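Shown next, in structure tokens, is the structure this report addresses.
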Amino acid sequence: MKSVTFSDFGGAHKISISERPDPVLQAGEVIVQVIASSINPTDQDFLNGIRVPDDLPPPYTAGMDFSGRVISVADDVTNVVPGQTVIGVAKPRSARGGAQSEKIRVPAASVAAIAPDVDLVAAASVPMNALTALLALDHLRLDPGQTLLVTGATGMLGGLTVQFAKRAGLRVLANASESDRRLVSQLGANEVLPRNKGLEDAIRATAPEGLDGVMDGALISKDLAHLVRDGGRIVSPRAVYRIDDPRLDVGYVAVTSGVEDTDKISLIARLLERGELTPRLADGGVFDFSKALNAYLMAAAGGYRGRVVLTFGT
1 MKSVTFSDFG GAHKISISER PDPVLQAGEV IVQVIASSIN PTDQDFLNGI
51 RVPDDLPPPY TAGMDFSGRV ISVADDVTNV VPGQTVIGVA KPRSARGGAQ
101 SEKIRVPAAS VAAIAPDVDL VAAASVPMNA LTALLALDHL RLDPGQTLLV
151 TGATGMLGGL TVQFAKRAGL RVLANASESD RRLVSQLGAN EVLPRNKGLE
201 DAIRATAPEG LDGVMDGALI SKDLAHLVRD GGRIVSPRAV YRIDDPRLDV
251 GYVAVTSGVE DTDKISLIAR LLERGELTPR LADGGVFDFS KALNAYLMAA
301 AGGYRGRVVL TFGT
């Protein structure tokens with residue numbers, strides 16, 4: 001089989017298309033023929049040698065999000081059967097490797113069946129960020145009617161958090177640029193606040209008693225912590241700062257802790273089937289995997305909304 005691989009770190013130009021052995025099925029696993037896999041910031045980090053276990057040998061394959069079709073299942077697997085279309089989440093920094101290969105082996109708990117009439121290329125942009133959003137909301141433990149601020153709402157993680165939070169009955173505030181106000185409103189935000197200048201004043205005006213929680217997709221909540229009420233909660237997808245405020249419950253969510261949460265991955269699949277989650281592909285951002293270099297260069301350059309996706313056929 002062919003895989004998108006790299007053996008040295010240092011960016012997109014380290015990528016090559018390599019012939020690799022087919023995966024060998026083990027207990028509790030499934031083999032999936034990959035249809036599509038998106039490129040996330042964590043994949044670019046991997047390509048640059050960030051958070052790579054010392055005992056993980058090259059060649060490496062990135063990719064957490066994927067859609068595909070089940071080829072085979074171990075005898076002890078009951079949640080999917082061969083021939084079903086699925087979405088799932090892989091762990092690239094592990095012996096199984098990432099999803100950017102023609103075939104992959106993953107724990108059965110990391111996949112969920114999805115209807116074949118769903119756009120499976122677009123669906124591959126969703127699972128990892130949707131799972132992160134659900135884990136973040138678990139940490140925040142907010143009740144219906146409470147006020148949540150989502151920063152970075154125009155990104156994949158932020159936008160999906162807005163959709164899940166709205167579904168949970170929360171009052172959702174989100175910051176965005178003027179050009180993105182309509183998008184964030186369509187995702188479900190009750191109030192769209194300025195992205196930079198004026199954000200603090202807007203939060204005070206819309207949440208005068210303080211925010212109940214913050215999902216900090218933009219990594220700016222260190223400057224907003226004083227606007228969270230006593231006993232409020234802040235969660236971030238990356239531990240890039242410390243907030244030393246005894247009034248608050250501050251945490252960081254690692255999606256790797258939930259990659260075998262079948263219930264959450266199944267929920268994501270059901271919501272995609274019903275059109276209740278919004279996949280977003282970057283304009284001009286769908287590449288055959290043979291053009292992985294171009295795809296990773298586009299992902300690294302930024303300046304787009306949605307995800308760049310590699311396709312591996314049907």
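Per full-length UniProt numbering, the sequence shown starts with residue 1, numbered consecutively. For each residue, glycine too, the CB sits at the ideal point set by N, CA and C. Bear in mind the structure is a predicted one, so any value in this text is a computation, not a measurement.
Option nearest residue i by Cα separation, candidates the options
i, options, result
"L135", "R171, V106, A165 and I17", "A165"
"S266", "Y60, D55, N40 and M128", "M128"
"K197", "S236, E178 and G83", "E178"
"R305", "L297, F287 and R280", "R280"
"D263", "I104, G285 and N79", "N79"
"D119", "T278, N294 and F289", "T278"
"R229", "L142, G83, L160 and N40", "L142"
"A282", "M1, E19, S38 and D22", "S38"
"E209", "H139, R195 and G231", "G231"
"K2", "E102, V77 and R96", "E102"
"V255", "L137, R247, E200 and L248", "L137"
"D22", "R96, N294 and G49", "R96"
"G158", "A112, P116 and A218", "A218"
"G83", "R20, P116, R195 and L193", "P116"
"L140", "A124, L160, S236 and D201", "S236"
"V162", "V214, A124 and A205", "V214"
"R20", "Q100, N294, R247 and D201", "Q100"
Residue i and residue j closer than 8 Å at C-beta
i, j, result
"A168", "A153", "no"
"T151", "D216", "yes"
"L25", "S72", "yes"
"A122", "V30", "no"
"L149", "L187", "no"
"A36", "F312", "yes"
"M156", "R270", "no"
"residue 325", "I203", "Since the first residue shown for the chain is 1 and the last is 314, residue 325 is missing from the structure and cannot be characterised."
"I17", "S290", "yes"
"L160", "A130", "yes"
Integer-rounded CB distance, given that residue j should sit under 8 Å from residue i
i, j, result
"R238", "Y252", "7 Å"
"V126", "I268", "6 Å"
"I114", "E276", "At roughly 13 Å, the Cβ-Cβ gap does not stay under 8 Å, so I114 and E276 are not in contact."
"I15", "Y296", "6 Å"
"P53", "F6", "About 15 Å; that fails the 8 Å criterion."
"V309", "G285", "6 Å"
"A292", "V81", "At roughly 30 Å, the Cβ-Cβ gap does not stay under 8 Å, so A292 and V81 are not in contact."
"G28", "A74", "6 Å"
"F9", "L56", "Contact doesn't hold; Cβ gap of about 12 Å is too wide."
N- and C-terminal bounds of the beta strand (DSSP E) containing residue i
i, result
"Q33", "E29 to I39"
"S185", "First-last for S185: R181 to L187, but that is the alpha helix (DSSP H), not the beta strand (DSSP E)."
"D54", "Looking at the DSSP string, D54 is not in any beta strand (DSSP E), and its letter there is neither H nor E."
"V162", "Element bounds for V162: not the beta strand (DSSP E) but the alpha helix (DSSP H), M156 to R167."
"T311", "R307 to T311"
"D283", "L281 to D288"
"Y252", "D249 to Y252"
"E19", "S16 to E19"
"A113", "V111 to A113"
"S236", "V228 to S236"
"L173", "R171 to N175"
"G88", "T85 to V89"
"V192", "E191 to L193"
"V150", "T147 to T151"
Segment limits, alpha helix (DSSP H) that includes residue i
i, result
"S7", "Premise fails: S7 is in no alpha helix (DSSP H) and is neither H nor E."
"T206", "L199 to T206"
"K103", "Premise fails: K103 lies in the beta strand (DSSP E), K103 to P107, not in any alpha helix (DSSP H)."
"E273", "T262 to E273"
"M64", "Taken as a continuous stretch (DSSP letters only), M64 belongs to no alpha helix (DSSP H), as it is neither H nor E."
"T132", "P127 to L140"
"V121", "L120 to A123"
"L211", "No alpha helix (DSSP H) contains L211, which is instead part of the beta strand (DSSP E) from L211 to D216."
"L297", "A292 to A301"
Own chain partners of residue i with C-beta closer than 7 Å, once the 5 adjacent residues on each side are dropped
i, result
"R51", "D45 and R93"
"D245", "A225"
"G98", "T61, A62, G63, M64, A90 and P92"
"V106", "E29, V30, V32, G88, A90 and R96"
"L199", "N175 and L193"
Close-in-space but distant-in-sequence residues of the same chain around residue i (CB under 8 Å, 5 per side omitted)
i, result
"A300", "G11, A12 and Q44"
"I243", "S221, K222, A225, I234 and V250"
"S185", "V192"
"V77", "G28, E29, V30 and A108"
Contacts around residue i, its chain only, beta-carbon distance under 6 Å, and the 5 residues preceding and following it disregarded
i, result
"T147", "R171, A207, L211 and D212"
"S110", "G88, V89, V259 and E260"
"R69", "Q33 and T85"
"N190", "R171 and V172"
"D180", "T154"
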